[in-house]
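Per my numbering, the very first residue in the sequence shown carries number 1; after that it's consecutive. A virtual CB, placed ideally from N, CA and C, is assigned to each residue, including glycine. It should be emphasised that the depicted structure is a prediction, and the values quoted were computed from it without experimental measurement. Notes to accompany the following structure.
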Amino acid sequence: MNQSQRHEEVARIADTSENQNQYLTFQIGREMFAVGILHIREIIEYGSLTTVPMMPDFVRGVINLRGSVVPVIDLSARFGRGESEIGRRSCVVILEVEAPSGSEESLQEIGVIVDAVSEVLEIPPEEIEPAPSFGARIRADFIAGMGKVQGQFVILLDVQQALNTREMAELAAIGDATGHGHGLDS
């Protein structure tokens, strides 16, 4: 490795470590959530979704993103709070998550509906508390930690858990078996 390549590698590593403290913040209902920006692919305006029959209620449908089919998850519904009300600030955040083992691709794109995107914040590790074991209004395994920002807590999501594609597929199969999938009247 020559000197120039070494400098580029050091700069890339420094840039990556700096980005590990940066989080995109967004609202769902009245609560503020955050996801590490290394998981963020892009933010797009909420548009028409193609619904997919027999899916759990939190799978709102799919979108065509430059020729790729991307599933769109309603985080409010995923957290057991009912469907999001789509407003003028609603948008879809495209995230990259690890694909289930055995997949050809190592990363999978998943869209999530949020009520509003706020900003990118830097939250240093010393300002992050462990996830509470109880008392949160979402499953504890969905929470990576609680970030302190200007005296307020921001819920840091563990996107691998909250968007666990294997678990979502199992829920879809249960919905198929019981007739409680999306789009079916029971």
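- Bridge partners of Ile28 according to DSSP: Glu31.
- Sequence-distant Cβ neighbours of Val35 in its own chain, meaning closer than 7 Å and more than five residues away, are Tyr23, Leu24, Leu95, Leu157 and Val159.
- By the criterion of a C-beta distance shorter than 6 Å, Phe79 is surrounded in its chain by Ile138, once the five residues flanking it on both sides are discounted.
- Straight through space, the alpha carbons of Ile143 and Pro132 are spaced by roughly 8 Å.
- Selection Glu85, Gly147 and Val70 evaluated against Ser76 yields Glu85 as nearest (Cα-Cα).
- If you look at Val159, you'll find it in the alpha helix (DSSP H) that goes Val159 to Ala162.
- Secondary structure of Ile37 (DSSP, three-state): helix.
- Just so you know, the alpha carbons of Gly151 and Arg166 end up roughly 36 Å apart.
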